[in-house]
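Peer 1: Chains H and W are the protein sequences, given in the same order. The first sequence begins at 17 in this note's numbering and counts up one residue at a time. The second sequence begins at -8 in this note's numbering and counts up one residue at a time. Glycine residues also receive a C-beta, built at the ideal position from the N, C-alpha and C atoms. Take a look at the following structure, please.
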Amino acid sequence: MSQRSDSDHSPANVKLGFVTPVTTPSNGNTSNSKLLSGNLRTKAAPKKLIIRNFKVKPQLPPNYEDETWDRLKRAVHAIQNHEKVPESLETLYKSCENLCHHKMADRLYTRLREECEKHVQVELQKLSSNSKTGVFFLETVSQTWADYCNQMIMIRSIFLYLDRTYVLQSSGIFSLWDMGLELFRSQLLQETSLRDKIVEGSIDVITTERSGDTINSSLLQSLIRIFIDLSLYHEVFEEPFLRRTQLFYRSEGEKLVHSLDMAEYLQHVDQRLKEEGVERINAYIDPSSKPKLIKLVEAELLERHVDTILEKGFQPLLEDNRKDILALMYRLLSRVHALDKLRTYFFDSLKKTGGAIVTDESRDSTMVQSLLAYKQKIDSILADTFDHNSQFANSMREAFESFINSRQNKPAELIAKFVDSRLRSGNKTATDEELESLLDRVLILFRFIHGKDVFEAFYKRDLAKRLLLGKSASIDAEKSMLSKMKTECGPGFTSKLEGMFKDIDISRDLMSNFKLNNLFIPYDKMANSQEVFKNFYMSKHNGRRLMWQNNLGHCVVKATFPKGKKELLVSLFQTVVLLLFNDQKRDHLTYNEIKELTNIEDKELSRTLQSLACGNSRVLKKNPPGRDVNSSDTFSYNETFTASLYRLKINTIQLKETVEENTRTREGVFQDRQYQVDAAIVRIMKTRKSLSHNMLINELFEQLRFPVKATDIKKRIESLIDREYMERESEDSSSYRYLA
Amino acid sequence: MGRSRSRPLSLTMKIKVNTWTVPAYWSWDVENEDVCGICQVAYDACCPTCTVPGDGCPLIWGECSHVFHMHCLIKWLNAPNSQEQCPMDRTPWKTAAAHS
């Protein structure tokens, strides 16, 4: 055995050596002591065995520590220089162990640390003076680090005994691995320019990737790993990384928000957020940076440009119905808490587009259809892109309410007429279900209207016409519309309309009791039969007067033309005129003759003649021909009349609204409003006794359910003062007092 | 209706009225804008307890020629101090058999 084996005592062995004089080092200590105790028990003779201490303490060779360290140092150097380790690793391990046993661990640790420190310095010096740039440089850095780590693992393996005993038991010193990291870390912190070169270089690579090039992301991953391992990530890397990220996206945002169209821009932003928040984080950036990184991108690409995005993009996207992009916009803007702004734009846009539909008088005839289509479009946008957001729904309602009422009275009138056109017979295009859903949608528009009285007036008049002329397409649909309005506005609103249905029922009962058996009547006998009916009615109902509505009367007549028999649906006036031509004494009649014979007033007569001689079914001939009726015209029976259908409706003029009728209906509404204003003023004054003008006006606006102008209210107040319902206060002329 | 001999048939129209519908409205057979002596509301409107005028709120004529909303009069006649007299002239109330 060599000298080395002497020094290779295990701690137990050494201890025993001091106590017992067994000197054969090759003997296993345990078996030896067993043998001894066995002897003591078996031999009866008390033969004393005296165990004495060594006379001379065993000594280590004088330069044992230095020499051992030298060998260890050589091995460390070899590892650090990528050379073959000269001795077996096991021997080296033992040497380390022995040094520890001889209480030399402290110095050993210090020496090892010095070696490592020197090495780190050298390595980092080499990197500092490395002239390579860019990726090549970064690859060297990464390689250096990888090598260093491997070396430290190796060194630690050799010095494992030191690591496990001395280091663990002493407080305040790092384990070998941590020591390696610490040395590298402090050295790197000192080498500021090298550090910056690595950091900036890495960020350059990231920027390259952001610009669309492919990069070696595993290289970046290992570089960033270095910072994370050295606990330098937040201190050294993150801040510059975020700063450069901000610069990058600030300039990108400013450029793209103007150059791209909004759909492209938003898609780009979405892509960026995915790249940064998912791909980059997965690839190499530490997840702890994710919130800051995402926030930066949002701030630079979205928050700074919210106004531009909305100003430039919202209206066109809404007009083009780009739901996908609008949904994206909604999602992105909600990330930067800009939904309120989006909602404002939504509101303004609706008001603008809707206002254009409502105020354009040339498009009155299609206003309601346009509004319905527009509402449907917005509804679907609301559902598909704005996530059924109730605030957006409210904005929509506000916008509709605001623009529908931006033009007074007309929208209400047109909605009423639209409903009339759908409930009239001859409108066979829709099934019951379609009609029902259409009515529901119209009712939503109706809900926005402030002046519901205008709607009511026109609706009532049209309903009366439908019922009286038998033109209602379906009583079920009428009743359903009625019940919808009832739920919407309460029974007070519909009671008059319901009354009409009751009247029709009463009339049907009545008519079943009254039969005129002679239906073949010349025109002058018609008045007679009206008289007959009147008497019949009086006999049924005491104390009443009957007023005929001849302009709404209509007949079914059978006409025999040389080319075939026809059944004509005609108004009463048309019937009277046609009956004149039954008279064989004349073959033509002048306008004035007809007027004299029928007693129909001019406007009505010329309308009637026009419908008979200038419309689609010309059962009369006009001389001279033309579209308009003049008082100099003459009329004769058209014996060449033909038509493909057997039943002909010529009385559609009755359903048409005349200008006078329209004015009358409107005036009725305004008259009614005046009464309501009067009543409201008196009601308020009666409770308040005395009130200033402004207070009165305010209370009125709260009470009245239709839009009124302050000037109109003033007129009503004047009128009430004239009629002595109230008076001005004597000392304060801007206040009023109620007169009981 | 006879056939004309002097003129060709084709020059006259043969129109036969099959049905004839004319709407009419009715009002109470009283002076316009006159009011019920009990409630002071127009005859053509309704009594204070009804909401719609018409068949639901009829008038009633007395033999004394006074007219009231039927509801108003019934309420009056049921009152203890009415003594079943016409409120206008204090003659015993008799409903007219038929209004002329």
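1. Below 8 Å between beta carbons: does that hold for LYS637(H) and ASN615(H)?
2. Of all the options SER511(H), ASN551(H), LYS306(H), which has the alpha carbon lying nearest to the alpha carbon of LEU562(H)?
3. Could you spell out where the beta strand (DSSP E) holding PHE651(H) opens and where it closes?
4. Using a Cβ-Cβ distance cut-off of 8 Å, determine whether TYR14(H) contacts chain W.
5. Per DSSP, what kind of secondary structure is VAL635(H) in: helix, strand or coil?
6. In whole angstroms, what separates the C-alpha of LYS50(H) from that of PRO62(H)?
7. Applying the 10 Å Cβ sphere with the 16-neighbour rule, what's the burial state of ALA372(H)?
8. With respect to the alpha helix (DSSP H) encompassing ARG423(H), which residues constitute its N-terminal and C-terminal limits?
9. With CYS38(W) as the anchor, note down where its alpha helix (DSSP H) starts and where it stops.
10. Quick check on ILE522(H) - is its C-beta less than 8 Å from some C-beta in chain W?
11. Compute the minimum distance between the beta carbon of SER746(H) and the heavy atoms of the ligand PLP, and state whether it is under 7 Å.
12. Going by CA-CA distance only, name the one from PHE722(H), LEU143(H), PHE657(H) that's closest to MET4(W).
13. Starting from MET763(H) and walking both ways along the beta strand (DSSP E), at which residues does that stretch end?
14. Looking at the strands, I want to know which residues DSSP matches up with GLU314(H).
15. At the level of alpha carbons, what is the spacing between ALA696(H) and ASP644(H)?
16. Have a look at the DSSP bridge pairing and note the partners of THR576(H).
17. Measure the C-alpha to C-alpha separation of CYS116(H) and SER227(H) and round it to an integer number of angstroms.
18. Can you name the start and end residues of the alpha helix (DSSP H) that TYR390(H) belongs to?
19. Among SER751(H), THR674(H), LEU513(H), which one has its Cα closest to the Cα of LEU483(H)?
20. Taking the continuous alpha helix (DSSP H) assigned at THR606(H), which residues delimit it?
21. Would you kindly report the start and end of the unbroken beta strand (DSSP E) that includes LYS468(H)?
22. Short of 7 Å Cβ to Cβ, which residues in the stretch 565 to 587 of chain H face chain W?
23. Is any beta-carbon of chain H found at less than 8 Å from that of ALA15(W)?
24. According to the neighbour-count rule (16 or more other Cβ atoms, all chains shown, within 10 Å of its Cβ), is MET345(H) buried or exposed?
25. Count Cβ pairs between the stretch 236 to 250 of chain H and the stretch 170 to 184 of chain H that sit closer than 8 Å; are there 3 or more?
26. Can a CB atom of chain W be found closer than 8 Å to the CB of ASN615(H)?
27. What does the alpha-carbon distance come out to for the pair SER158(H) and ASN337(H)?
28. Note the first and the last residue of the continuous beta strand (DSSP E) segment covering PHE59(W).
29. Would the beta-carbon of LYS665(H) fall within 8 Å of that of LEU585(H)?
30. Going along chain H, which residues have a C-beta under 7 Å from ILE6(W)?
31. Is the Cβ-Cβ distance between ALA629(H) and LYS582(H) less than 8 Å?
32. Since LYS665(H) sits in a beta bridge, which residues does DSSP pair it with?
33. Under 7 Å, CB to CB, which of the residues in the stretch 52 to 63 of chain W have a partner in chain H?
34. If you follow the alpha helix (DSSP H) that TYR773(H) is part of, which residue opens it and which one closes it?
35. For the 8 Å Cβ check, are there 3 or more pairs between the stretch 232 to 244 of chain H and the stretch 176 to 193 of chain H?
36. For ALA15(W), name the three-state secondary structure that DSSP assigns.
Peer 2: The relevant details are as follows:
1. no
2. ASN551(H)
3. 650 to 653
4. This structure cannot settle anything about residue 14(H), because the visible part of chain H is limited to 17 through 756.
5. coil
6. The pLDDT assigned to LYS50(H) is 46, lower than 50, so where the model puts this residue is not dependable; a value taken from the coordinates is nonetheless given after this. For LYS50(H) and PRO62(H), the distance between alpha carbons rounds to 18 Å.
7. exposed
8. From DSSP, ARG423(H) is part of no alpha helix (DSSP H); its letter is neither H nor E.
9. Looking at the DSSP string, CYS38(W) is not in any alpha helix (DSSP H), and its letter there is neither H nor E.
10. yes
11. Questions concerning the ligand PLP fall outside what the structure shown contains, since it holds no ligand whatsoever.
12. PHE657(H)
13. This structure cannot speak to residue 763(H), because chain H is shown only from 17 to 756.
14. Paired residue(s): none; GLU314(H) is not in a bridge.
15. 49 Å
16. LYS581(H), LYS5(W)
17. 57 Å
18. 383 to 400
19. LEU513(H)
20. Note, THR606(H): premise wrong, no alpha helix (DSSP H); beta strand (DSSP E) at 604 to 606.
21. Counting along the chain, LYS468(H) falls outside any beta strand (DSSP E), though it belongs to the alpha helix (DSSP H) covering 468 to 484.
22. GLN565, ASN566, LEU568, GLY569, HIS570, CYS571, VAL572, VAL573, LYS574, ALA575, THR576, PRO578
23. yes
24. buried
25. no
26. no
27. 52 Å
28. 58 to 60
29. yes
30. VAL573, ALA575, LEU594, LEU595, ASN598
31. no
32. LEU585(H)
33. TRP52
34. Since the displayed chain H opens at 17 and closes at 756, residue 773(H) lies outside it and no answer follows.
35. no
36. strand
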